[in-house]
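Undergrad: For this note's numbering, add 5 to where a residue sits in the sequence shown, where the first one is 1.
Note that the Cβ used here is the ideal one computed from N, Cα and C, for glycine as well.
Sharing a structure here in structure tokens format.
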Amino acid sequence: MQSKRIWTMALLLAVSIMLISCEKPQIVMFEKFKGGKAAVLKEDVIIPFILQNSHVIEVTAIIRDSPYTMILDTGGMTILEKSANDTLRFETIEIPQQNATLAIVDNLQLGNASVKGMKVGLIDFKDTFKFELPGMIGSDYLRFFNVEFDYQKQNIILRNSTKMKVENDLQHLMKIRMIQPYFPGVDLLINGKHKIAGMIDTGLSFAFVFPVNWLESLSDEEKENLINLEGYFVHWPWTEAPRNYLYLMPEIKLGDLVLENVPVLFAEIPNFLNSSTALIGKYFLENYLTTIDYPNRQIKLEERERSNYSLRFSSGVHIAKKEGKLEITGLLENSPAWEAGISTSDELIAINGKNFEEITKLEITDAIMDKTIAKFYITVLRKGIEEEILLKKRDLFE
């Protein structure tokens with residue numbers, strides 16, 4: 006049932022994508038279908054947020070004068086939980102051929118930023134994404150504004166669209182391309198010769214995830230730093246058999262910003278993005294004050310203090326809280342965890358002495374991702390005996 010619901014959403018997105026192309030008349034047609042009109046802001050709107058799972062942005066939206074905690078994701082479309090509409094009772098539109106339902110939301114607000122008359126998808130959000138929330142705000146809402154993401158202050162600022170310019174040496178300004186249909190993206194130049202679009206995805210944790218099929222673009226020499234992975238570090242429910250690899254990318258260039266020796270993941274990404282798009286997530290964006298001006302098709306990155314999260318200096322294991330238990334979801338070959346005999350089939354009992362109920366998701370992420378934490382302990386159950394194992398971190402590419 007869960008797979009069917011996810012495919013329904015993917016099909017809905019695919020229908021949206023097929024309605025548009027680079028031709029202006031078709032874009033206008035889709036805009037009319039999608040609907041939505043934003044009021045001009047009288048002043049900047051500051052929206053505080055909290056982070057779940059170290060990266061998922063939660064904000065408070067106002068719908069019909071009532072507050073609702075919702076996810077905000079530049080890599081998603083605005084959706085509502087079906088059960089929430091049982092109370093809100095928005096007018097709906099059925100799309101029988103896609104087994105989909107849209108709701109016409111009379112007014113959706115973040116602070117004093119208001120968008121009226123937008124059509125949004127109705128899905129079983131809680132079952133599909135395992136969040137006990139009534140929905141998500143996506144780029145189809147944000148498309149009307151200049152949107153600033155400040156991870157240090159944990160707030161978002163919505164402004165009226167304004168042409169941005171570079172004001173100091175720490176700022177990097179570049180054009181964005183809209184990826185099917187409202188997702189902001191930038192052009193990436195890889196190793197000075199390969200080009201690929203990179204979608205700004207605040208709902209993704211890892212800094213860079215490339216489509217696994219894109220590995221074919223790399224030469225045998227370029228693939229020398231590729232590390233195989235048992236299980237997965239990142240996956241989407243609609244990918245049948247997640248294949249992950251860790252790779253040290255020699256160079257990634259976006260605009261005038263040049264990154265060298267960047268650890269990236271290769272994975273099977275959502276089908277509607279096919280193999281032509283990489284994803285750029287929170288562990289990259291948090292290093293910058295990120296401002297996206299949707300109407301003017303611009304993004305500005307202003308350098309901030311660097312995050313301590315690293316895939317390069319690591320024990321090589323990925324751990325998640327899933328369905329009432331701790332689970333080792335991924336393991337890098339020849340890493341400290343691999344050499345310690347850890348397996349994805351191990352029954353994980355505790356991390357640093359804390360069991361499932363005691364440890365938070367942020368504590369897990371800090372333990373496995375923070376390069377300033379040189380070691381941590383895990384406790385596994387083998388043949389009925391608890392065994393505590395010390396996992397030390399090192400540079401996986403040395």
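Using 10 angstroms around the beta-carbon of H60, count the other beta-carbons present and answer buried if the total reaches 16, otherwise exposed.
TA: When all chains shown are included, H60 counts as buried.
Undergrad: Take V171 and list the residues in its own chain whose beta-carbon comes closer than 8 Å to its own, dropping the five residues that flank it on each side.
TA: Here the set comprises H177, L178 and K305.
Undergrad: Select from W343, T377, T349 and K388 the residue whose C-alpha is nearest the C-alpha of L396.
TA: The shortest C-alpha separation from L396 is found at W343.
Undergrad: Quick check: the Cα distance between L127 and L107, rounded to an integer number of angstroms?
TA: The alpha-carbon atoms of L127 and L107 are separated by roughly 6 Å.
Undergrad: Check whether the region 253-271 and the region 187-195 touch, using three or more Cβ-Cβ pairs below 8 Å as the test.
TA: The answer is yes - the region 187-195 touches the region 253-271, with three or more Cβ pairs under 8 Å.
Undergrad: With D145 and M169 assumed to form a contact (beta carbons below 8 Å), what rounded beta-carbon distance in angstroms separates them?
TA: D145 to M169, Cβ: 22 Å. No contact.
Undergrad: Going by DSSP, which residues form a beta bridge with L234?
TA: In the DSSP output, where bridge partners are listed per residue, L234 has L337.
Undergrad: For K326, which residues does DSSP report across the bridge?
TA: Looking at the DSSP assignment, K326 forms a beta bridge with L331.
Undergrad: Using 8 Å as the cut-off, can you tell me whether the region 348-359 makes contact with the region 376-392, which would need three or more C-beta pairs spanning the two stretches below that distance?
TA: Yes, since at least three Cβ pairs between the region 348-359 and the region 376-392 fall closer than 8 Å, the two stretches touch.
Undergrad: Within a Cβ cutoff of 6 Å, which residues of the same chain sit near E99, ignoring the five residues on either side of it in sequence?
TA: Same-chain partners within the cutoff: T106.
Undergrad: Is the region 328-342 touching the region 297-314 in the sense that three or more CB pairs, one from each, lie closer than 8 Å?
TA: Because the criterion of three Cβ pairs below 8 Å is not met, the region 297-314 and the region 328-342 do not touch.
Undergrad: Going by the DSSP bridge assignment, what does D192 pair with across the sheet?
TA: A202, per the DSSP bridge assignment.
Undergrad: If you check the beta carbons only, do L163 and V125 fall under 8 Å apart?
TA: No.
Undergrad: Taking DSSP as the reference, what is the three-state secondary structure of N180?
TA: Rather than Asn, the amino acid found at residue 180 in this sequence is Lys. Note: K180 maps to strand in three-state DSSP.
Undergrad: May I ask you to report which of helix, strand or coil DSSP gives M374?
TA: Helix, per DSSP.
Undergrad: Taking the continuous alpha helix (DSSP H) assigned at L290, which residues delimit it?
TA: Residues K287 to L290.
Undergrad: Between the region 294-302 and the region 179-188, do at least 3 Cβ pairs fall closer than 8 Å?
TA: With the cut-off at 8 Å, the region 294-302 and the region 179-188 touch.
Undergrad: With G87 and D129 assumed to form a contact (beta carbons below 8 Å), what rounded beta-carbon distance in angstroms separates them?
TA: In the sequence as displayed, the identity of residue 87 is Lys instead of Gly. 6 Å between Cβ atoms; contact.
Undergrad: If you scan the region 79-124 from start to end, which runs of the beta strand (DSSP E) of 3 or more residues do you find wholly inside it?
TA: Within the region 79-124, the complete beta strand (DSSP E) runs of at least 3 residues are 84-86, 96-100, 105-110 and 113-115.
Undergrad: Quick test of your reading: A345 and I394, contact by CB under 8 Å. State the CB separation rounded to the nearest angstrom.
TA: With a Cβ gap of about 6 Å, A345 and I394 count as contacting.
Undergrad: Is Y146 helix, strand or coil when you go by DSSP?
TA: If DSSP states are grouped into helix, strand and coil, Y146 belongs with the helices.
Undergrad: Using the Cα positions of P186 and V322, report the straight-line distance between them to the nearest angstrom.
TA: If I take the Cα positions, the gap works out to 35 Å.
Undergrad: From the DSSP output, in three-state form, read off L253 for me.
TA: It is a strand residue.
Undergrad: Would you check if the distance between the CB atom of I51 and the CB atom of G116 is smaller than 8 Å?
TA: Yes, the Cβ-Cβ distance between I51 and G116 is below 8 Å.
Undergrad: Helix, strand or coil for N151, going by three-state DSSP, please let me know.
TA: Correct three-state label for N151: strand.
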